[in-house]
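Reading through the structure tokens given below for one structure.
In our numbering, the protein residues as written are -16 to 100.
This is how it looks when you write it as structure tokens:
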């Protein structure tokens, strides 16, 4: 349970950092980031596997690079599901750049959390 909460909080912090780096990727406050992380988790659990299965041929042709597009679509969908919560992505390009920056920032934060434990 402790690991889950730390990961949730770290991802929320990563979302806030990403919103400061990428224009059009908006997270108003920490509570909005926590809600967004929850919704992103639900989208990643239920919708993303279906998208990956449907996009498998193009992912194979692009040597896995289409996964960035699937990640962007998942983030964009999570943003669309949560109107008025303070989490908003204004278009596909901010979603694509945001997904790349978010994965890098999350990886760095999770690395430091593993070192501290």
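C-beta atoms are modelled at their ideal positions from N, C-alpha and C, and glycine is treated no differently.
Residue i classed as buried or exposed, judged by whether at least 16 other C-beta atoms fall within 10 angstroms
{"i": "residue 25", "result": "exposed"}
{"i": "residue 45", "result": "exposed"}
{"i": "residue 43", "result": "exposed"}
{"i": "residue -12", "result": "exposed"}
{"i": "residue 23", "result": "buried"}
{"i": "residue 32", "result": "exposed"}
{"i": "residue 78", "result": "buried"}
{"i": "residue 8", "result": "buried"}
{"i": "residue 63", "result": "exposed"}
Supposed close pair residue i, residue j - CB separation, criterion 8 Å
{"i": "residue 61", "j": "residue 75", "result": "The Cβ separation is near 14 Å, so there is no contact."}
{"i": "residue 58", "j": "residue 72", "result": "6 Å"}
Beta-ladder partner(s) of residue i, from DSSP
{"i": "residue 70", "result": "10"}
Beta-carbon proximity list for residue i, same chain, < 7 Å, skipping 5 on both sides
{"i": "residue 88", "result": "-3, 0, 1"}
{"i": "residue 41", "result": "49"}
{"i": "residue 81", "result": "1, 5, 8, 58, 72"}
{"i": "residue 38", "result": "49, 53"}
Sequence-distant residues of the same chain with beta carbon closer than 6 Å to residue i, five excluded per side
{"i": "residue 34", "result": "53"}
{"i": "residue -5", "result": "16, 17, 20"}
{"i": "residue -10", "result": "none"}
Proximal residues to residue i (C-beta, below 8 Å), its chain only, five neighbours per side dropped
{"i": "residue 11", "result": "69, 70"}
{"i": "residue -7", "result": "89, 92, 93, 96"}
{"i": "residue 27", "result": "57"}
Are the stretch 53 to 70 and the stretch 14 to 31 touching, with three or more C-beta to C-beta distances below 8 Å? yes
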